[in-house]
Amino acid sequence: MAGKVLLGDRAAVPSRVATVSLHTSPLDQPGTGDAGGLNVYVVEVARRMAERNVAVDVFTRATDPDLPPVVELVPGVNVHHVPAGPYGHLDKNTLADHLCPFIFGMLRAEAEGAPGHYDLVHGHYWLSGRAGVAAARRWGVPMVQTMHTMARVKNAALADGDSPEPELRVKGEDQLVRQADRLIANTDDEARQLVHHYGASESRISTIPPGVDLETFTPGDRRSALRSLGFPDGTELLLFVGRVQRLKAPDVLIRAAAELIERDPSLRDRLVVGVVGGLSGGGMHEPGLLTELARSLGVADVVRLEPPQSRARLADHYRAATATVVPSYSESFGLVAVESQACGTPVVAARVGGLSTAVADGVSGVLLEGHDPAEYAAELHRLVAEPAWRAKLADAAPRHAATLGWSRTVDELLDVYGQALAPRAPLPMAACR
Ligand code: UDP
Numbered sequence: 001m002a003g004k005v006l007l008g009d010r011a012a013v014p015s016r017v018a019t020v021s022l023h024t025s026p027l028d029q030p031g032t033g034d035a036g037g038l039n040v041y042v043v044e045v046a047r048r049m050a051e052r053n054v055a056v057d058v059f060t061r062a063t064d065p066d067l068p069p070v071v072e073l074v075p076g077v078n079v080h081h082v083p084a085g086p087y088g089h090l091d092k093n094t095l096a097d098h099l100c101p102f103i104f105g106m107l108r109a110e111a112e113g114a115p116g117h118y119d120l121v122h123g124h125y126w127l128s129g130r131a132g133v134a135a136a137r138r139w140g141v142p143m144v145q146t147m148h149t150m151a152r153v154k155n156a157a158l159a160d161g162d163s164p165e166p167e168l169r170v171k172g173e174d175q176l177v178r179q180a181d182r183l184i185a186n187t188d189d190e191a192r193q194l195v196h197h198y199g200a201s202e203s204r205i206s207t208i209p210p211g212v213d214l215e216t217f218t219p220g221d222r223r224s225a226l227r228s229l230g231f232p233d234g235t236e237l238l239l240f241v242g243r244v245q246r247l248k249a250p251d252v253l254i255r256a257a258a259e260l261i262e263r264d265p266s267l268r269d270r271l272v273v274g275v276v277g278g279l280s281g282g283g284m285h286e287p288g289l290l291t292e293l294a295r296s297l298g299v300a301d302v303v304r305l306e307p308p309q310s311r312a313r314l315a316d317h318y319r320a321a322t323a324t325v326v327p328s329y330s331e332s333f334g335l336v337a338v339e340s341q342a343c344g345t346p347v348v349a350a351r352v353g354g355l356s357t358a359v360a361d362g363v364s365g366v367l368l369e370g371h372d373p374a375e376y377a378a379e380l381h382r383l384v385a386e387p388a389w390r391a392k393l394a395d396a397a398p399r400h401a402a403t404l405g406w407s408r409t410v411d412e413l414l415d416v417y418g419q420a421l422a423p424r425a426p427l428p429m430a431a432c433r
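1 is the number of the first residue of the sequence shown in the UniProt record's numbering; add one for each residue after it.
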């Protein structure tokens, strides 16, 4: 039987955690559709938990009848495919209708083990949180929640043409914030948003930044990386990596490139705008929108759209780039920015959400207020035209990224798990009246 390990005065360590990732699977390719930083987070944390003898079962919705019920990701980490609703891709906004069968599937999986199979539940994103709370209550174990994104925060920073998050999500998040035993925020900013927008009690929030895989994302020779991607020496690659959606604003980079070329026409022959990632709704459903934009701005010849890439191949892209550009309207953290810096490539990003933590402004990259393409063009021009400035940022970038490894994330998560597992002090009398 699993059971938390109590180590004298030290915090309890769970033996087995039920991690919930309802709407997107850790087995999905990140960078397209609904798969992104959350998937990377779940995989990286689960792997490292397992290395520390904390077994992790990840529960995700089955999207295909042929999926095996359980897949081993690495020893100690299993992914459970729970049938809930019709197979195939479902719009995230309809998934709340399928919470009941999903919760039932989780309970059934647990019932196959001995009593007390899971010590703790950790939900990722509000839908998972709603399912996780129900399972945790049934099992009598603590529930830890990471929101990743929040409806009220997104709705306050919508890009033109983007649609607001539905009221159902807002209300679901309100309830979840009250029910979870502990809330994990990626940044202090997110912690403040939990308090400001959802009335969360500060004492239940812990800020734990996500990390970067410092073994895959390492600095490397820029010229060989350019060659490995088929670009000639001297190419100035401006890189966007991530899900193609309005909120991430890849169009700002394309507009900035057009301004850059207008400012310095000699750049046209060596400038490449690389957009790596797949469509992800959110106002950019139609394929071809970016190509159309590039054509209308007269820069179709420099824009290269690429499908989602593996982690190793992404590292080559970062190493080859002059800069990675992250002009998002809202970003709970911005793993792409940290990965780029870990590879020694400066980042030009919007000063929103977690990007203020992910990028050390003026040290490992540049943070800009707003989304004016002219300002992005000016910063990118400086990086192209002043090699010493770029070299200074590139030199500092891996050092900044090194402060954000996943090991630290996992250490801090285990501390919070320990606090959640600690026997609760009886409520003071005043609170009982
Ligand atoms: N990603 C990837 N391949 C791609 C594009 C993106 O593996 O082709 C990964 C990227 O490396 C990062 C994640 O997807 O780890 C995106 O996370 P981020 O926090 O930047 O954005 P989110 O998707 O959470 O909004």
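C-beta: ideal position from N, C-alpha, C; glycine also. Quantities reported herein were computed from a predicted structural model and do not represent experimental measurements.
Helix or strand or just coil, what does DSSP make of residue i?
i, result
"THR235", "coil"
"ALA431", "No answer about ALA431 holds up, because its pLDDT of 36 lies below 50 and its placement is not dependable."
"THR32", "strand"
"PRO426", "Caution applies to PRO426, whose pLDDT of 45 falls short of 50 and renders its modelled position unreliable; the value that the coordinates give is listed next. DSSP places PRO426 in coil when its eight states are reduced to three."
"HIS122", "strand"
"THR345", "coil"
"GLU331", "coil"
"ILE205", "strand"
"ASP66", "coil"
Would you kindly work out how many angstroms separate the C-alpha atoms of residue i and residue j, rounded to a whole number?
i, j, result
"LEU237", "ARG243", "19 Å"
"VAL45", "THR324", "25 Å"
"ALA300", "ASP251", "13 Å"
"PHE59", "GLY234", "47 Å"
"LEU427", "SER201", "Only weak support is given to the placement of LEU427: the predicted model assigns it a pLDDT of 41, under 50, and the question is left unresolved by the model."
"GLU369", "ASN155", "18 Å"
"PHE240", "PRO346", "12 Å"
"ARG304", "VAL275", "6 Å"
"VAL40", "PRO30", "7 Å"
"VAL141", "PHE104", "17 Å"
"HIS117", "ARG52", "18 Å"
"ALA430", "LEU289", "A caution first: ALA430 carries a pLDDT of 42, below 50, which makes its placement in the model too unreliable to give a value."
"PRO32", "LEU67", "Rather than Pro, the amino acid found at residue 32 in this sequence is Thr. For THR32 and LEU67, the distance between alpha carbons rounds to 20 Å."
"THR291", "TRP139", "51 Å"
"MET1", "ARG16", "Its pLDDT being 39, under 50, MET1 is placed unreliably by the model, and nothing is read from it."
"ARG270", "ARG313", "22 Å"
"PRO14", "ASP57", "12 Å"
"PRO327", "VAL338", "14 Å"
"ASP411", "SER296", "49 Å"
"ASP162", "ALA111", "42 Å"
"ALA342", "ALA396", "10 Å"
"PRO115", "SER206", "29 Å"
"ARG268", "ARG223", "19 Å"
Measuring alpha carbon to alpha carbon, tell me which residue in the options is nearest residue i.
i, options, result
"SER25", "GLY230, VAL82, SER206", "VAL82"
"VAL121", "GLU165, LEU267, THR63, ALA180", "ALA180"
"THR149", "ILE261, PRO115, ASP233, GLY36", "GLY36"
"ALA134", "ALA151, ASN93, ARG108, PHE333", "ARG108"
"LEU279", "PRO307, ARG295, GLU262, ASP269", "PRO307"
"MET143", "ARG204, GLY274, GLY344", "ARG204"
"GLN145", "VAL153, ASP28, VAL20", "VAL20"
"ALA136", "GLY354, GLN341, THR216, ALA18", "ALA18"
"ASP91", "THR63, MET106, PRO115", "THR63"
"GLY88", "ALA114, LEU38, ASP34", "ASP34"
"ALA159", "LEU168, LEU247, ASP188", "LEU247"
"ARG255", "ARG48, PRO423, HIS371", "HIS371"
Ordered along the chain, which non-local residues of its own chain (more than five positions away) have a Cβ less than 6 Å from that of residue i?
i, result
"GLU259", "PRO373, ALA374, ALA377"
"LEU73", "VAL79"
"ARG390", "LEU383"
"ASP361", "LEU367"
"GLY132", "VAL20, VAL121, GLY123, MET143"
"VAL71", "VAL79"
"VAL77", "ALA46, ALA50, VAL56"
"GLY220", "ARG319"
Might you give, ordered along the chain, the residues of its own chain that have their beta carbon closer than 8 Å to the beta carbon of residue i, omitting 5 neighbours on each side?
i, result
"PRO101", "VAL82, PRO83, ALA84, GLY85"
"LEU226", "PRO232, ASP233, THR235, LEU237, ALA320"
How would you label residue i, buried or exposed, when you count the other beta carbons within 10 angstroms and need 16 or more for buried?
i, result
"THR403", "exposed"
"HIS98", "buried"
"THR409", "buried"
"VAL302", "buried"
"LYS171", "exposed"
"ALA272", "Inspection of the sequence shows that residue 272 is occupied by Val rather than by Ala. So VAL272 counts as buried."
"SER332", "buried"
"GLY298", "exposed"
"GLY129", "buried"
"GLU215", "exposed"
"GLU167", "exposed"
With a cut-off of 8 Å, does the C-beta of residue i fall near any C-beta of chain D?
i, result
"PRO209", "Checking the listed chains, one finds no chain D in this structure; it contains a single protein chain."
Given residue i, which residues of its chain have a CB within under 7 Å of its CB, disregarding the five upstream and five downstream residues?
i, result
"HIS381", "LEU260, ARG263, ASP264"
"ASP174", "TYR198"
"ALA425", "Because the pLDDT at ALA425 is just 46, under 50, the model does not fix this residue reliably, and the point stays unresolved."
"GLY277", "GLY31, THR32, VAL241, GLY242, ARG243, VAL244, PRO308"
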